[in-house]
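Written out below as structure tokens is the structure these notes cover.
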Amino acid sequence: MHSKTESLIGGFPDAVLNSQTVFRALMDCLAHPGSTGSVLPAIVPPAPLSIAAGAIMLTLCDHDTPVWLSPAMAQSDVSAWLSFHCGAPLTREKSDARFAFLDKGAALPPFGLFAAGTQDYPDRSTTLVIELDALDGGRALTLSGPGIRDVTQIAPLGLPDSFLHQWTGNRALFPRGIDVVLVAGRQIIGLPRTTKISGLEA
Amino acid sequence: MYVAVKGGETAIANAHRLLADRRRGDRTLPGLAIEQIIAQLGLAVDRVMAEASLYDRSLAALAVKQSRGDMIEAIFLLRAYRTTLPRFGSSVPIETGAMRVERRVSATYKDLPGGQLLGPTFDYTHRLLDPSLLDDGAIDAPATRDDAGEAVMRVSDILDGEGLIEPDGQMPQDHVPGDITREPMEFPMPRDLRLQALARGDEGFLLALGYSTQRGYGRTHPFVGEIRMGLVSVEFDVAELGFSVSLGEIRVTECQMVNQFKGSAKAPPQFTRGYGLVFGQSERKAMAMSLVDRALRTEEFGEDVVAPAQDEEFVISHCDNVQATGFVEHLKLPHYVDFQAELDLVRRMRAKHAEGRTAESDHQEAAE
Amino acid sequence: MSAAFAHDSNTHDPRKRVIDLLARCSRDELEAAMVTLEQIPSYLRLRGPETGLVIVKGRIGGGGSPFNLGETTVSRAAIHLEDGRVGHGFRLGTDRRAAELSAVFDALWQAETERSFVEQTLLLPAERKQALETDALARETAATKVDFFTMVRGED
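Chains as they are written, first to last, in our numbering: chain A, 597 to 798; chain B, 410 to 777; chain C, 1038 to 1193.
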């Protein structure tokens, strides 16, 4: 059905080593929120998926992880690419998704629509991978919490204004809640649900 | 209580080296080839595949060799191996009705379409040791007979025509088959999950439970409706192709146990069924599984749970021999600190006990 | 969750037969066929070759609702030839090389020029072998069929 070669090429050249490298980078970013990590493997994901988001998809998504794609992604070759390389089922229900991928400029759905896990299994939640214009040059945000000595700052460019408000609501659910990974090009920043984020006073 | 202790590295390395030596044994004898194990110890290989819940004859044979023939160790090895592999997806349900049958017998119907096909069975052997096997003598090729080409009809379909037997088990419409390798077990457990657990359950444990129902601990009046063993194709849906492909064939054994049921307010008297399906040629296991499956449906039929085989949590929680051996065998690992604490406790209790006795005798002496 | 296909319509795609039969060719047969090709085709890997698991489903009672029986090892590969033809190979077991070779032959089969080579060298022999094995098994099993007969009783 999807025999278009474009949707099949561009996976990890070396699936085992590449996915280990990306996993390590992502783990470090989530352990040290606010730090910027890079994805190195030479992959060619179909537009509008960036290299970083594509690498995260190849590394973390599989047959057992339903994936939600933003409307622009769902209509692109991304869905066939996801199916071919990861075998992950697509879901339209955000609350069923273990991972959600949003292209640059996609409307940010209310976090409450995604799976927040349960009190017994808070891990059964959605991880959002949000593509931005850049991970610097934007409005400064102050981060604190586990994995951060005192405070740190990030300035992602293109984060919707509603993000901070939604994040506060997400924090209130702890230990339930979603986790977020911001990506731009090859770069990633991890924002686990434990991180406090506030806008920097002007 | 666990305390990290160092030491024993050399002892462990040498123990493993000794194990390798003992496994190989007499070097003047030829070593076992994996192909020999597959070909000549096929039922051992089948048992390892069934209880490891992983169908791969070569890997199972390797596990048998590595474990020196210790079945549960081999099963453990294969279970551990499967956790290293990604899952590509799930198959289309196999069609046992379309099996290339190697054996098929029924204890309920003498003349049934397809006939009684004995296949390669131990039944009707005299269980006398055969000294001719001491020599590697020539073995006759199998006898052959023109196959009438008659379809080997499922026995459950024969009785079903009269409405005397309950149909194949149906879960609710929107039910997604559960997977005990992905979700923690919860009780009560739907039948599909129970069957998955039983299919990988220990043959000996299920055999004993099945036997217990026959001896009166949860009687179910069973008859073997049908046992069939043979090859089925494994079909796998491939999204990028838009059709399913056949990955190859696997050998399975299926048992349809037919049981009496006196009926209830809702259902007229009819035969109920227990189902067994096992990787490989594993007839005893398939039969035991079908007996236990039926026993575990006690509540579904409004019968009283009075026997161990009917107790879902008891049966399912204890049927996995990898879990069981892990917990039983962990007792041999160092519990030095634990035991020291116990020792201390017993000493203190004894001291108190002795004090009490002294006080008591003092008291008695004083009274006298 | 996974897409369900109408399985009775499967047979309409001739490639199902190709991929199914290639799964039954041994690695030696595939290697030998590759050597006899005039030119070893150059190809790029799209996915794999890799070994993983497929969970085998059974049906409750043989024909009822599906349940998960256990897993099987599966090796698969997807490649594309320089002209863009994409080939898929799947098989039970851990032989990744055989899966990759199957994928190459599946891709080759898709062009008229190479189809007859694949048919003659691999597919038709595999079909013949499969038919012989099926027949032999059926005949051996049939020889163990019980022919009941009733003893004549002396009552008259």
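A virtual CB, placed ideally from N, CA and C, is assigned to each residue, including glycine.
DSSP places B/E635 within a strand segment (E or B) once states are collapsed to three. Residue pairing by DSSP puts C/P1103 in a beta bridge opposite C/R1096. For B/A648, the closest Cβ of chain A is nearer than 8 Å.
By alpha-carbon distance to B/Y490, the top candidate from C/E1164, C/T1131 and C/H1049 is C/T1131. By the rule that beta-carbons nearer than 8 Å mark a contact, A/L678 does not touch chain C.
C-alpha of A/L709 to C-alpha of A/Q762: approximately 11 Å in a straight line. When DSSP assignments are scanned along the stretch 491-527 of chain B, the uninterrupted stretches of beta strand (DSSP E) that are 3 or more residues long and fall wholly within it turn out to be 496-499 and 509-514.
In the three-state reduction of the DSSP assignment, B/E764 falls in the helix class. Sixteen is the threshold: when 16 or more other Cβ atoms of the shown chains lie within 10 Å of the Cβ of B/E644, as they do, the residue is buried.
At a cut-off of 8 Å between beta-carbon atoms, C/V1093 makes no contact with chain A. Distance from B/G651 to C/A1060 at the Cβ level is roughly 18 Å; contact not present, criterion being Cβ atoms closer than 8 Å.
Under the 8 Å criterion on CB atoms, C/D1050 is classed as interfacial with respect to chain B. Close CB contacts of B/A716 within its chain, under the 6 Å cut and outside five residues either way in sequence, are with Y626 and G627 (chain order). A residue is called buried when at least 16 other Cβ atoms come within 10 angstroms of its Cβ; B/V755 does not meet this threshold and is exposed. For C/G1121, the nearest beta carbon of chain A is closer than 8 Å to its own beta carbon. Chain A places no beta carbon closer than 8 Å to that of B/P576, leaving this residue out of the contacts.
In the structure shown, A/D775 adopts extended strand secondary structure according to DSSP, grouped into three states.
In this structure, A/G741 is the residue among A/V635, A/G741 and A/D716 with its C-alpha nearest to the C-alpha of A/R767. The residue among B/F485, B/P529 and B/E595 with its C-alpha nearest the C-alpha of B/G735 is B/F485.
Burial state of B/S699 is buried, judged by a 10 Å Cβ sphere holding 16 or more other Cβ atoms.
Look at B/H744 here: in three-state DSSP terms it is coil, with no helix or strand label.
Cβ atoms of C/N1105 and B/P586 come within 8 Å of each other, at about 6 Å. As the crow flies, the alpha-carbon of A/D610 is around 58 Å from that of B/G572. Residues of chain C whose Cβ lies closer than 8 Å to the Cβ of A/G607 are, in chain order, L1083 and R1084. Sequence-ordered contacts of the stretch 500-516 of chain B with chain C read S500, V501, P502, I503, E504, T505, G506, R509, V510, E511, R512, R513 and V514 [C-beta pairs closer than 9 Å]. Per the DSSP secondary-structure output, B/F680 pairs in a beta bridge with B/I574.
Neighbourhood of C/T1171 in chain B, by CB distance below 7 Å: R509, in chain order.
The criterion of a C-beta distance shorter than 8 Å is satisfied by B/G634 and B/T517. Non-local C-beta neighbours of B/A483 in its own chain, meaning closer than 6 Å and more than five positions away in sequence, comprise V457, A472, V473 and S476, ordered along the chain. Put simply, the stretch 658-668 of chain A does not touch the stretch 421-433 of chain B. Fewer than three CB pairs are less than 8 Å apart. In the same chain as C/H1125, and ignoring 5 residues on each side of it, the C-beta atoms closer than 7 Å to its own belong to I1056, A1115, A1140 and D1143, in chain order.
Within the model, the alpha-carbon separation for B/Q525 versus B/I574 is close to 21 Å. DSSP places A/I652 outside any beta strand (DSSP E); the residue lies instead in the alpha helix (DSSP H), whose first and last residues are I647 to L656.
Residue contact with chain A for C/A1144: absent (no Cβ-Cβ distance below 8 Å to any residue of chain A). The three-state reading of DSSP puts A/E727 in strand, counting E and B together.
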